[in-house]
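Some notes on the structure that comes next.
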Amino acid sequence: MNEPFSFDEEYANALIKLLYGSMEVRFVAIPALIKMKEAAGREQDRIDIEHLRMRLEDNAGK
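Every letter in the sequence shown is one number past the one before it in our numbering, and letter 40, counting from 1, is 40.
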């Protein structure tokens, strides 16, 4: 499988949150998520990409 980004790099840079006080969950950055969804190319992914780009624009304005 050809990944649209470096898995190791994204894993190292992922946001880590604790669930239930002890379970670490990693979250991929929005630009990497957009790349994954572009590669998948499904209709729902295209809709998600629009919303994710709006989120990036909102965050850039802060």
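Beta carbons: idealized from backbone N, C-alpha and C, even for Gly.
Within 9 Å, strictly: CB atoms of A39 and V28: Remark: C-beta atoms of A39 and V28 do not approach each other more closely than 9 Å.
Under 9 Å between C-beta atoms of K35 and F5: With contacts defined by Cβ atoms closer than 9 Å, K35 and F5 form a contacting pair.
Beta-carbon contacts of Y11 that lie in its chain and below 8 Å, excluding the five residues immediately before and after: R26
Residues sharing a beta bridge with E3, DSSP: Per DSSP, none; premise fails for E3.
Rounded distance between the beta-carbons of I16 and E9, thought under 8 Å: Your pair E9 and I16 does not check out as a contact, with CB atoms roughly 15 Å apart and the cut at 8 Å.
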